[in-house]
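137 is the number that this note's numbering gives to position 5 of the sequence shown; each next residue is one higher, with no gaps. For every residue, glycine included, the Cβ atom is placed at its ideal position computed from N, Cα and C.
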Amino acid sequence: MSETPDDIAKILGPNEQVQLYIKQKIYHPKINVDSVVITNERIILRHPHALGLKKDYTDFNYQDIANVVLDKGVLRSTVRCTLRLGGDPLALSDLPNDDAQKAYGLIRENLVKYQDPFAAGYAGIPQAPVVHPAQGATICPKCGASVAAGQKFCGSCGAAV
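As structure tokens, then:
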């Protein structure tokens, strides 16, 4: 792991901390070297260009990532992040195996922190939306539906309230 560049520190949020900085190694000569920054809030891709005078940044919040997969090779690995909104997956490729395993572990840990644990439901079955009772309404003890104030029976299942 290399020292985090100063330009990355300037774009971080107030409580955001760099957990891993990976400078991607390229075997053939190349002036522009991409790097990956994994923070506690997002993944930042750093793309320097124009001989390092200009830099572009692309970031992915953990709420936008559905899953992460580690494709481990003999010497180099790829970390693929499936995005919720579709499109091409985010692929961090040609990473040394040690860096790829660290990146995979950090991304997996942050996904657990930032995603709603009940968003997918049980075994991939979507859950019914949660409806909070209106002001003065009660909840049916049998089916959980909202019952308007003053009613004695549930409109959904007919149970006495």
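To the nearest angstrom, report how far apart residue i and residue j are at their CA atoms.
i, j, result
"I170", "K245", "14 Å"
"D138", "L238", "22 Å"
"L295", "E135", "What the structure shows of the chain is the stretch from 133 to 293, and residue 295 is not part of that stretch, so it cannot be assessed."
"K234", "T270", "49 Å"
"V168", "G145", "17 Å"
"L217", "F192", "12 Å"
"V206", "I143", "35 Å"
"D166", "V279", "57 Å"
Closer than 8 Å by C-beta to residue i: which residues in its own chain qualify, once you throw out the five before and the five after it? Chain order, please.
i, result
"A291", "C272, P273, K274, C275 and F285"
"A277", "V263, I271, C286, G287, S288 and C289"
Quick check on the DSSP output: the alpha helix (DSSP H) that includes residue i runs from which residue to which?
i, result
"A281", "Where A281 is concerned, there is no enclosing alpha helix (DSSP H), given that its DSSP letter is neither H nor E."
"L243", "N229 to Y246"
"A141", "D138 to I143"
By the DSSP assignment, the beta strand (DSSP E) with residue i in it spans what residues?
i, result
"K155", "V150 to K155"
"L217", "L217 -> no beta strand (DSSP E), and no H or E assigned at all."
"V168", "S167 to T171"
Below 6 Å CB to CB, which residues in the same chain sit around residue i once its five sequence neighbours on both sides are set aside?
i, result
"E173", "E148"
"I257", "Summary for I257: the model assigns pLDDT 46, below 50, so the residue's position carries little reliability; its value from the coordinates is reported in the next sentence. Around I257: no qualifying Cβ."
"Q195", "Y246"
With a cut-off of 9 Å, does the C-beta of residue i fall near any C-beta of chain D?
i, result
"G219", "Among the protein chains of the structure shown there is no chain D, as only one such chain exists."
For the ligand SAM, is there a heavy atom less than 8 Å away from the beta-carbon of residue i?
i, result
"L215", "Looking for the ligand SAM in the displayed structure turns up nothing, as the structure carries no ligands at all."
**Item:** Stretch-stretch touch, CB-based, cutoff 8 Å, three pairs: the segment 199 to 213 with the segment 136 to 155
**Value:** Touching, no.
**Request:** Quick one: which unbroken alpha helix (DSSP H) runs of 4-plus residues sit fully inside the segment 175 to 204? Chain order, please.
**Result:** Counting only runs of 4 or more, we get nothing.
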